[in-house]
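Single-structure report; data block below.
Residue numbers (the numbering used here): 198 to 479.
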C-alpha cells in the first residue's frame, strides 16, 4: 500500500516542493506590498487566456494554450504596473479586484461558448496535480530557478519597492518599470502554476506559507525558511489525505492549508501571552 502511494505521489509531491519554493518567496513580497489578491487576479487572467485558447481548439497542456495564458498575464502585469502611483488616490487592491472580477466573468462567457467549457473552468480552478510526471517537474523547476536567479539579481529594487515604495521614489528608482518586471516574472510563474495546480491552489501556495513565515519569523531569511517548511509539511498532509480518502488533490491541499494555518494561529495566540509574561520588565 505504501509503495503504491509513493509511486503515485512522488512526482506530484516534488512539484509541490517546487511550487512552495517560488510561491512562498513571492508571497513575502505580495504581503509587504499589501496586494494580497494580486496572485489570484493574475492567475485568473492566465485562466482567461487558457480558456480563450480552449475555445479556439487548443487543449490545456499545449504550448498554444500556454502562450495565450502568458500573453494575457503580461497584459495584466502592465496594467498593475501602470496603476502604481506615488500618491495613492485609489487603492491598488481595488484595481486588482476589478481585474479579477472582469477576467473571471470573461472566462465564464468564453467557457459558455465552448464544448465541455464547464470542465475547463473546473480544471483551471483546481488543476490536475496527480497527472504531473517527472519530466514536467524538471522543466518547471528549471523555469522557476531561472526566475529565482532573476529576482536575486534584482533583489535591491524589488525588496525596496515592496517594503518602502516612498523611499524608492525618493532615490530615483523607475518604480513603474521595476513593478512591470516584478509582475511580469510573477506572471510567468503564475501562468505555469495554474496549468498544473489551478487558481485556488496557486493562491494558497502564495499566501499561506508566507503568512506562517511572517507570524513566526522576523528577518526575510527566517520568513522564507519557515514558509518553505510550512508549505512542505502541508503538502505532505494534503496529498496523503487526498490519496487515503480518495478526494480531489488540489481541493484537499487547499483545505489542508486553511486548517493548518488556523491551528498555527491558535497555537501562536496561546503561546504569545505566556512568552510576554516570561519577558523581564525593564
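Beta carbons: idealized from backbone N, C-alpha and C, even for Gly.
Q | Residue from 453, 467, 212 with nearest C-alpha to residue 330 | A | Selection 453, 467, 212 evaluated against residue 330 yields 212 as nearest (Cα-Cα).
Q.
So the candidates are 233, 244, 413, 311; which of them puts its Cα closest to the Cα of residue 254?
A. Closest by alpha carbon: 311.
Q. From residue 384 to residue 235, what does the alpha carbon distance come to, in whole angstroms?
A. If you draw a straight line from the Cα of residue 384 to the Cα of residue 235, it comes to about 10 Å.
Q: Give the secondary structure of residue 479 by DSSP, where H, G and I count as helix, E and B as strand, and everything else as coil.
A: Note that residue 479 scores 40 on pLDDT, short of 50, meaning its location in the model is unreliable and no value can be drawn from it.
Q.
Which runs of the beta strand (DSSP E) at least 3 residues long sit entirely within the stretch 406-478? Give them in chain order.
A. Whole beta strand (DSSP E) segments, 3+ residues: zero.
Q. If we ignore side chains and look at the alpha-carbon of each, how far apart do residue 207 and residue 229 end up?
A. Going by the C-alpha atoms only, they are around 33 Å apart.
(Q) For residue 326, tell me which candidate among 232, 440, 468, 368 has the shortest Cα-Cα distance. (A) Of the candidates 232, 440, 468, 368, the one whose C-alpha sits nearest the C-alpha of residue 326 is 440.
Q. What is the rounded straight-line gap between the Cα of residue 477 and the Cα of residue 334?
A. Summary for residue 477: the model assigns pLDDT 47, below 50, so the residue's position carries little reliability; its value from the coordinates is reported in the next sentence. Rounded to the nearest whole angstrom, the C-alpha separation of residue 477 and residue 334 is 50 Å.
Q: Use the C-beta contact count for residue 475: other C-beta atoms within 10 angstroms, 16 or more gives buried, fewer gives exposed.
A: Because residue 475 carries a pLDDT of 45, less than 50, the predicted location of this residue cannot be relied on, and no value is offered for it.
Q | 6 Å Cβ shell around residue 438 - same chain, five flanking residues per side excluded | A | If you ignore the 5 residues before and after residue 438, its C-beta comes within less than 6 Å of the C-beta of 449, all in its own chain and listed in chain order.
Q: Taking only runs that begin and end inside the stretch 237-305, name each unbroken alpha helix (DSSP H) of 4 or more residues, in chain order.
A: Fully enclosed alpha helix (DSSP H) runs of 4 or longer: 260-279.
Q: Answer with yes or no whether the minimum CB distance from residue 385 to chain D is below 9 Å.
A: The question asks about chain D, but that chain is absent: this structure has only one protein chain.
Q: Any chance you could list the alpha helix (DSSP H) runs of at least 4 consecutive residues sitting entirely within the stretch 332-400, in chain order?
A: List check, alpha helix (DSSP H) in window: 352-360, 362-367.
(Q) Using the three-state DSSP reduction, which class does residue 233 fall into: helix, strand or coil? (A) Coil.
Q. Shortest alpha-carbon distance to residue 462 belongs to which of 406, 443, 425, 418?
A. Answer by Cα proximity: 406.
Q. If you compare alpha carbons, which of 298, 218, 350 is closest to residue 242?
A. With distances taken between Cα atoms, residue 242 lies closest to 298.
**Q.** Among 398, 420, 460, the one whose alpha carbon lies nearest that of residue 436
**A.** Selected option, being the one with the closest Cα: 398.
Q. Based on Cα-Cα distance, which residue from 374, 401, 430, 424 lies nearest to residue 279?
A. Of the listed residues, the one whose Cα sits closest to residue 279 is 374.
Q: Report, in whole angstroms, the separation of the C-beta atoms of residue 226 and residue 359, which I expect to be a contact under 8 Å.
A: So it is a contact: roughly 5 Å between Cβ atoms.
Q: Have a look at 217, 303, 336, 223 and flag the residue whose alpha-carbon is nearest the alpha-carbon of residue 381.
A: Measuring from the Cα of residue 381, the nearest candidate turns out to be 223.
(Q) So for residue 311, helix, strand or coil by DSSP? (A) Coil at residue 311, not helix or strand.
Q. Between the C-alpha atoms of residue 391 and residue 337, what's the straight-line distance to the nearest angstrom?
A. About 12 Å.
Q) Excluding the five sequence neighbours on either side, which residues of its own chain have a C-beta within less than 7 Å of the C-beta of residue 268, listed in chain order? A) Short of 7 Å from the beta carbon of residue 268, and not among the five residues preceding or following it, lie these beta carbons of its own chain, in chain order: 246.
(Q) If contacts are defined as beta-carbon pairs under 8 Å, then residue 364 and residue 307 qualify, I think. What distance do you get, rounded to the angstrom? (A) In fact, because the Cβ distance is near 42 Å, the residues do not count as touching under 8 Å.
Q) Per DSSP, what kind of secondary structure is residue 329 in: helix, strand or coil? A) The answer is coil: DSSP assigns residue 329 none of H, G, I, E or B.
Q.
Among 270, 409, 271, 251, whose alpha-carbon lies nearest the alpha-carbon of residue 262?
A. The shortest Cα separation from residue 262 among 270, 409, 271, 251 belongs to 251.
Q.
I believe residue 402 touches residue 217 by the beta-carbon criterion, under 8 Å. Please report the beta-carbon distance rounded to the nearest angstrom.
A. Indeed, because the Cβ distance is near 6 Å, the residues count as touching under 8 Å.
Q) Count the other CB atoms within 10 Å of the CB of residue 479; is the residue buried (16 or more) or exposed (fewer)? A) Any reading at residue 479 is ruled out, since the residue's pLDDT is 40, under 50, leaving its predicted position unreliable.
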